[in-house]
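> My questions will all concern the structure given below.
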Amino acid sequence: MRVAQGRHINVDDAVLIQRWLDGDAAALDRLIGKYQGRIYNLILKMCANPDDAAELSQNTFVKIIENIDGFESRSSFYTWAFRIAVNLTLNHCKRRATVRFASLDAEPAGGDDQARQALAAVLWDDKTPDPAQVAENRELCELIQKAIGKLEDEHRTVIVLRDIEGMDYAQIAEVLGVELGTVKSRLSRARAALRQILEAL
Amino acid sequence: MRPEKDPKTDELLNSYLDGELSSQDCAEVQRLVSEDASIARRLRQLERCRILVSSLPPAEPPVELVSGIKELLRSRSAGVEGLEHIERRRGARHLLARQVLAAAVMIGLFGLMGAVVYKIVSPERSVSPIVAVKPAPTIKPEAVPVETEKTVAAEDETGVGLYSLQLQTTDFVAVDAFVNKLLDESSWLNYEVTKEGRSRSVYRVLCSRGGLETLVSDLATVWSKFDSATLVVYTDSIGRYVAVESVRPEQITDIAKQDALEGRIKLAKDFAVLNTIEQVSPEGQMLALVDRVYPELTTIPRPVLTSGEKRAAPVPESPSEWVRVDLNIVVTGHK
């Protein structure tokens, strides 16, 4: 289980931002270095295309940099930056109309039987799955990613923010600009939908 | 109970899994799970689903991500700078035109202000514009018991008014004839005339202050014929004087009434300023303002027309009050 890390970053973020605004270019490098992996992964899980994810990550950081003067420290830099990333990615997904998974489109037929069996075992056995074993099973991961990709945009977003990025409900509400209750109901519906998609696989 | 079909239960179970419930709600969920096998099964399903997603390994961002960000920033910055450069060039042209225009306006204003200030601060000039071109003649001092052999502006003495009244007119013949006749009929003064060509006459007049007042009041009847009238009040320094342009008859007599040279000079300067401001200000406004504030400066009884009447001689002044006035009247016709 992942632990939400956002709250532990804010103090350093404020210092880095201030240094950067004071003309310290190295502070910007550190800020980018700190978040590039997480923002790239968030976007990749949402759009499922590495090239698009790289481009959207770049655009996210550029937008962050261009708008840093407008950043209000009332919210955390962490949620503010992720809000930019989520909005850019959702707009991108809308333009694409449907999310396609390049890796799964090229998936050879019948090549993931083992993965499907593994998935079925995870879904139906009473035994709690070992996350490490799941992560090592590349085919199984691809099936999970495919299932995520089949979710509606808002369901996929909330699943990624909670289960991949590890945000708590309050942070998700801040990133999405919705009420806490909306996060709860949306996440519940998203997991139910994901379960159905996984079972269908 | 079918938990799969009960969204509220799912919400509760998901919140429980995510650690978002209070301890009281957690206890309630644990009680439900222990009492209802279907809820317990649903909880396990949701948990497995959550574990599957969170088990996905993170992808490494491309190594060129940072450099791509910086390159993107540079290109955008260059684009903005390019636009700014174009805007700057475009703005520079407008700015230059505006600066030139502003400079021209400022020069004009400074010129105007300079003229006004010059009139105010330094109306005394080092070069006499118009003086009698030849020594004044000897005049029989019947009414003017003073020495007469002197050149204008060459010397002065306290109590002697030394003036030059320069009149320009387009109707030179009529005006000159009028002045000549006027002086001829003024028995209380002495004068000598020098004709310079067909459009310039210089009258050297010697009289008292009272005589000057009478003379000026008579001249006032044809004042409208003068295109310009300038009174030059000479100081006791050779070649220095105060010129009162657009002078009015009453101003001349007011100046002449001053006993001391300093008083005449000061009043002449005041009139010079007043008349200059009046000329550059909107028509009549300044004069009207001065009239309201200092009526004594601009208002004197208008002279009475004397045409066809026996002109009365000025009231004789007592010897102690008698002040000689040395006046050049220069009548010039426009070409």
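So the sequences go chain by chain: A and B.
Going by my numbering, the residue at position 7 of the first sequence is 7; the numbering climbs one at a time, nothing skipped.
Going by my numbering, the residue at position 302 of the second sequence is 302; the numbering climbs one at a time, nothing skipped.
Every residue gets a Cβ at the ideal spot worked out from N, C-alpha and C, and that includes glycine.
What you are looking at is a predicted structure, and each value in this text was computed from that prediction instead of being measured.
Please report the distance separating the alpha-carbon of B/ASN14 from that of A/GLN145.
So the alpha carbons of these two residues sit roughly 20 angstroms apart.
> Going by the beta-carbon positions, is the gap between B/ILE39 and A/VAL62 smaller than 9 angstroms?
No, Cβ-Cβ distance for B/ILE39 and A/VAL62 is not below 9 angstroms.
> B/VAL232 to B/ARG200, Cα distance in whole Å?
Roughly 17 angstroms separates the two Cα atoms.
> Report back the beta-carbon spacing between B/VAL330 and B/VAL202 to the nearest angstrom; my notes put them in contact at under 8 angstroms.
Going by Cβ atoms, the distance from B/VAL330 to B/VAL202 rounds to 5 angstroms, so yes, they are a contact pair.
> Could you pull the start and end residues of the alpha helix (DSSP H) that B/ALA59 belongs to?
First-last for B/ALA59: undefined, no H or E at that position.
> How would you write the range of the alpha helix (DSSP H) that B/GLU35 sits in, first residue to last?
Residues 23-35.
> Note down the Cα distance separating B/GLY263 from B/ILE255, rounded to an integer number of angstroms.
About 8 angstroms.
> Take the Cβ of B/PHE178 as the centre, count every other Cβ of all protein chains shown within 10 Å, and call the residue buried at 16 or more, exposed below.
Answer is buried; the Cβ neighbour count reaches 16.
> In chain B, which residues lie less than 8 angstroms from A/LYS184 when you measure between Cβ atoms?
Correct list: GLU11, ASN14, SER15, GLU20.
> Is the distance from the Cβ of A/PHE71 to the Cβ of A/ILE32 below 9 angstroms?
No, the Cβ-Cβ distance between A/PHE71 and A/ILE32 is not below 9 angstroms.
> Residues of chain B with CB closer than 7 angstroms to the CB of A/CYS141, please, in chain order.
Simply LEU56, PRO57.
> Which residues in the same chain have their Cβ closer than 8 angstroms to the Cβ of A/GLU199, if we skip the five residues on either side of it in sequence?
So the qualifying residues of the chain are LEU123.
> Look at A/ARG83 and A/LEU143 and say whether their C-beta atoms are less than 9 angstroms apart.
For A/ARG83 and A/LEU143, no; Cβs fall outside 9 angstroms.
> Determine the chain B residues that contact A/ASP168 at a beta-carbon separation under 9 angstroms, and present them in chain order.
Correct list: ASP18, GLY19, GLU20.
> Does B/ILE39 get closer than 9 angstroms to chain A when you measure Cβ to Cβ?
Answer no: the Cβ-Cβ gap between B/ILE39 and chain A never drops below 9 angstroms.
> Do the CB positions of B/SER164 and B/VAL325 come within less than 9 angstroms of each other?
No, Cβ-Cβ distance for B/SER164 and B/VAL325 is not below 9 angstroms.
> Could you tell me whether the Cβ of A/ALA54 comes closer than 9 angstroms to any Cβ of chain B?
It does: the Cβ of A/ALA54 has a partner Cβ on chain B nearer than 9 angstroms.
> Along chain B, in chain order, which residues have C-beta atoms closer than 8 angstroms to that of A/GLY37?
Within 8 angstroms Cβ-Cβ: PRO58, GLU60, PRO61.
> Can you find the residues in the same chain that come closer than 7 angstroms, C-beta to C-beta, to A/TYR169, ignoring five residues on each side of it along the sequence?
Here the set comprises LEU180, VAL183, LYS184.
> By the 7 angstroms beta-carbon criterion, what residues does the region 60-81 of chain A contribute toward chain B?
Going along the region 60-81 of chain A in chain order, one finds PHE61, VAL62, ILE65 with a Cβ nearer than 7 angstroms to chain B.
> Applying the criterion that 16 or more other CB atoms from any shown protein chain within 10 Å of the CB defines a buried residue, is B/ALA104 buried or exposed?
By the 10 Å Cβ count, B/ALA104 comes out exposed.
> Based on Cα-Cα distance, which residue from B/THR332, B/ALA37, B/SER55, B/CYS26 lies nearest to B/LYS195?
Here the closest residue by C-alpha is B/THR332.
> Should A/GLN117 be flagged as near chain B, meaning a C-beta pair shorter than 9 angstroms?
Not closer than 9 angstroms to any Cβ of chain B, the Cβ of A/GLN117 fails to qualify, so no.
> Can you check DSSP and say which residues form a bridge with B/SER246?
Answer by DSSP bridge pairing: none, since B/SER246 is not bridged.
> Have a look at B/VAL133 and B/LEU182 and give me their C-alpha separation to the nearest angstrom.
Residue confidence for B/VAL133 is low, a pLDDT of 37 falling below 50, so the modelled location carries little weight; the figure read from the coordinates is stated next. In a straight line, the C-alpha of B/VAL133 is about 22 angstroms away from that of B/LEU182.
> Considering only the alpha carbon of each residue, which of B/ASP270, B/SER224, B/ARG204 lies closest to B/GLN168?
Answer by Cα proximity: B/SER224.
> Measure the Cβ-Cβ separation of B/VAL175 and B/VAL222 and say whether it is below 9 angstroms.
Cβ atoms of B/VAL175 and B/VAL222: closer than 9 angstroms.
> Give the interface partners of B/LEU73 over in chain A, defined as CB-CB distance under 9 angstroms, in chain order.
Those are PHE61, VAL62, ILE65, GLU66, listed as they occur along chain A.
> Excluding the five sequence neighbours on either side, which residues of its own chain have a C-beta within less than 7 angstroms of the C-beta of A/CYS47, listed in chain order?
Counting only Cβ-Cβ distances below 7 angstroms, and skipping sequence neighbours, we find ALA53, LEU56, THR89, HIS92, CYS93, VAL99.
> B/PHE226 to B/LEU96, Cα distance in whole Å?
Going from the Cα of B/PHE226 to the Cα of B/LEU96 covers about 46 angstroms.
> Applying the 10 Å Cβ sphere with the 16-neighbour rule, what's the burial state of B/PHE271?
Per the 10 Å Cβ criterion, buried.
> If you measure from the beta carbon of B/GLN45 to each beta carbon in chain A, is any gap under 9 angstroms?
Chain A contact via Cβ: present.
> In angstroms with no decimal places, state the Cα-to-Cα distance between A/GLY37 and A/SER75.
Computed Cα separation, rounded: 21 angstroms.
> Confirm, please, whether the CB-CB distance from A/ALA121 to A/LEU194 is below 9 angstroms.
No.
> Could you tell me if B/PRO57 is buried or exposed, where buried requires 16 or more neighbouring beta carbons within 10 angstroms of its beta carbon?
The residue is exposed, with fewer than 16 neighbouring Cβ atoms inside 10 Å.
> For the putative contact between B/VAL29 and B/LEU12, defined by C-beta atoms under 8 angstroms, what is the C-beta separation to the nearest angstrom?
Correct: roughly 6 angstroms between the Cβ atoms.
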